[in-house]
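The working numbering applies: residue 24 is where the sequence shown begins, and numbers increase by one.
Before any comments, here is the structure.
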Amino acid sequence: MSRPRSALRAAAAVELGSLAVLLANLATVHLPPVSSLVGPLHGCAYLFVIVAAARDAGCDPTGRVLAWLPAVGGLLVLRRLARAPREEAASGAPG
24 MSRPRSALRA AAAVELGSLA VLLANLATVH LPPVSSLVGP LHGCAYLFVI VAAARDAGCD
84 PTGRVLAWLP AVGGLLVLRR LARAPREEAA SGAPG
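Set out below in structure tokens:
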């Protein structure tokens with residue numbers, strides 16, 4: 024696994040985890056310090072996922088569009104990138 028993919032994997036996990044914290048905070052006690060700390064973290068992780076997907080050479084245009092989906096976009100891009108080599112091998116494309 025290349026370094027950009029591991030960065031994309033980490034950003035996708037942070038994006039999803041921070042959204043879970045924000046929603047749990049909203050559904051329970053709604054502490055403003057939690058929102059003010061985790062909200063920007065979530066936003067930065069979301070933007071990082073978009074940029075990392077755009078910079079990944081193996082990411083096709085559909086993957087780049089999927090990266091724009093909040094919360095699950097990064098995970099969908101990772102799934103698409105993991106599936107791509109298997110599809111190329113199955114079709115017999117030179118690689």
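Each residue gets a CB set at the ideal place from its N, CA and C atoms; glycine is no exception.
Given the structure is predicted, the values throughout are model-derived calculations rather than measurements.
Check                                                                                                                : Outcome
Distance between A33 and S59 (C-alpha atoms, nearest Å)                                                              : 21 Å
L46 burial status per 10 Å Cβ neighbour count (16 or more: buried)                                                   : exposed
7 Å CB neighbourhood of A30 in its chain, flanking five on each side removed                                         : A75
Among P93, P84, A94, L92, the one whose alpha carbon lies nearest that of L104                                       : P84
Per-residue DSSP class, three states only, for G96                                                                   : helix
R81 in three-state terms, based on DSSP                                                                              : Looking at the sequence itself, residue 81 is Gly, so the reference to Arg does not match. In the structure shown, G81 sits in coil (DSSP, three-state: anything other than H, G, I, E or B).
Spatial distance of W91 from R106 (CA atoms)                                                                         : 19 Å
Neighbourhood of C82 by C-beta distance below 7 Å, restricted to the same chain and skipping five residues each side : A76, V100, L104
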